[in-house]
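Taking it in order: structure first as structure tokens, then the write-up.
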Ligand code: SAH
Ligand code: DHB
Ligand code: MG
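In this note's numbering, the protein residues as written are 318 to 542.
Right under this line is the structure:
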């Protein structure tokens with residue numbers, strides 16, 4: 318058995334023990350319809366989605382911002398952490414992805430709380446800021462990695478003390494730490510990590526993960542006063 322197969326096996330084990338009901342609900346349908354529509358299979362895993370949900374609950378989140386919706390799978394996990402009057406704004410560039418996501422989110426019963434905004438996030442973010450929304454308690458950054466430093470800057474503008482910023486895909490099989498790798502996505506993630514490490518208003522860390530998403534990881538940053 319390869320390392321990757323072993324990681325998948327343990328993920329299957331944890332999923333069976335810890336999330337026995339997850340495959341039966343709207344989440345399974347969201348993945349099925351995303352696949353059927355030809356969306357890439359790059360959503361967070363079920364265990365990772367549950368982690369996002371727990372983190373949002375620990376934050377007592379009432380307002381969540383997501384950058385990179387895809388088919389709305391992570392959106393549903395995060396949206397389920399919200400109280401009835403909570404709100405999640407998710408930004409998606411691809412109108413086809415957004416269309417699939419909107420259906421998946423409605424089937425999950427979250428259409429009152431969740432709003433998908435179509436367009437390049439760097440255009441949607443200033444518009445969102447112009448609306449003076451209440452500070453977002455959680456920001457999940459999971460779109461085009463080249464723009465990660467810009468997304469971190471916007472996340473800082475749109476949050477307040479105690480907010481949590483989560484950045485996906487910071488490891489990418491180890492490419493982040495390979496000095497010979499100058500892929501724009503890797504450079505974007507490195508710049509975002511440098512920002513977390515050096516910014517006076519951020520306290521952060523990063524965690525490496527294995528499993529259904531192979532070898533990758535998240536960075537987490539708490540917004541300070
Ligand atoms: N968060 C999702 C996965 C997101 S995949 C989940 O875990 O379920 C990344 C998404 O970001 C893709 O749907 C892609 O179309 C979108 N994206 C890429 N560039 C973008 C941009 N500039 N602005 C907004 N979304 C973008
Ligand atoms: C890719 C993007 C993601 O957000 C992810 O979680 C996994 C893979 C990708 O573009 O390959
Ligand atoms: Mg991701």
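Ideal Cβ placement from N, Cα and C applies to all residues, glycine included.
Worksheet item: When you compare only the Cα positions, how much space is there between residue 419 and residue 495?
Response: Within the chain shown, numbered from 1, the residue matching residue 419 stands at position 102. Within the chain shown, numbered from 1, the residue matching residue 495 stands at position 178. Taking the straight line joining both Cα atoms gives about 38 Å.
Practice prompt. Report yes if the C-beta of residue 530 is less than 7 Å from at least one heavy atom of the ligand DHB; otherwise report no.
Written response: The residue given as residue 530 occupies position 213 in the chain shown. At least one heavy atom of the ligand DHB is nearer than 7 Å to the Cβ of residue 530, so yes.
Worksheet item: Is the beta carbon of residue 504 less than 8 Å from the beta carbon of residue 464?
Response: Counting from one through the chain shown, the residue named residue 504 turns up at place 187. Counting from one through the chain shown, the residue named residue 464 turns up at place 147. No. Outside cutoff.
Discussion item. So for residue 518, helix, strand or coil by DSSP?
Written reply: For the purposes of this step, residue 518 is taken as residue 201 along the chain shown, with counting starting at 1. Residue state, collapsed to three classes: coil.
Worksheet item: Count the other CB atoms within 10 Å of the CB of residue 400; is the residue buried (16 or more) or exposed (fewer)?
Response: Walking along the chain shown from the start, residue 400 turns up at place 83. Classification for residue 400: exposed.
Discussion item. Beta-carbon distances below 5 Å to any heavy atom of the ligand MG define the shell here; list its residues in chain order, please.
Written reply: 459, 485, 486
Worksheet item: With DSSP run on the structure shown, which of helix, strand or coil describes residue 332?
Response: Along the chain shown, read from residue 1 onward, the residue named residue 332 stands at position 15. Of the three classes helix, strand and coil, the one that applies to residue 332 here is helix, per DSSP.
Practice prompt. Below 6 Å CB to CB, which residues in the same chain sit around residue 335 once its five sequence neighbours on both sides are set aside?
Written response: Within the chain shown, numbered from 1, the residue matching residue 335 stands at position 18. Around residue 335: no qualifying Cβ.
Discussion item. Please tell me whether residue 519 and residue 540 are closer than 8 Å, where the distance is taken between their beta carbons.
Written reply: One-based indexing of the chain shown puts residue 519 at position 202. One-based indexing of the chain shown puts residue 540 at position 223. Yes. Within cutoff.
Worksheet item: Taking the alpha carbon of residue 324 as the point to measure from, which residue in 433, 355, 542, 527 has its own alpha carbon closest?
Response: Numbered from 1 along the chain shown, position 7 holds the residue referred to as residue 324. Closest option to residue 324, Cα to Cα, is 527.
Worksheet item: Comparing the CB of residue 385 with every heavy atom of the ligand FAD, is any distance shorter than 7 Å?
Response: This structure lacks the ligand FAD; its bound ligands are the ligand SAH, the ligand DHB and the ligand MG.
Worksheet entry | Touching by the beta-carbon criterion (3+ pairs, under 8 Å), the segment 396–412 and the segment 363–380 | yes
Worksheet entry | Beta-carbon gap between residue 347 and residue 421 smaller than 8 Å | Start at 1 with the first residue of the chain shown, and residue 347 comes out as number 30. Start at 1 with the first residue of the chain shown, and residue 421 comes out as number 104. In contact: residue 347 and residue 421 (Cβ atoms closer than 8 Å).
Fill in: Cβ-based neighbour list, residue 411, same chain, cut-off 7 Å, excluding 5 preceding and 5 following
Here residue 411 is taken as the residue at index 94 of the chain shown, counted from 1. Contacts found: none.
Worksheet item: Which whole-angstrom value describes the C-beta separation of residue 479 and residue 532, a residue pair presumed to lie in contact below a C-beta threshold of 8 Å?
Response: What you label residue 479 is simply residue 162 of the chain shown in a count that begins at 1. What you label residue 532 is simply residue 215 of the chain shown in a count that begins at 1. With a Cβ gap of about 31 Å, residue 479 and residue 532 do not count as contacting.
Worksheet item: Three-state secondary structure (DSSP) at residue 416?
Response: On the chain shown, residue 416 is found 99 positions in, with the first residue counted as 1. The answer is helix: DSSP assigns residue 416 an H, G or I state.
Worksheet item: Cβ of residue 393 versus every heavy atom of the ligand DHB: is any distance shorter than 7 Å?
Response: The residue given as residue 393 occupies position 76 in the chain shown. Because no heavy atom of the ligand DHB lies under 7 Å away, the Cβ of residue 393 does not count as near it: no.
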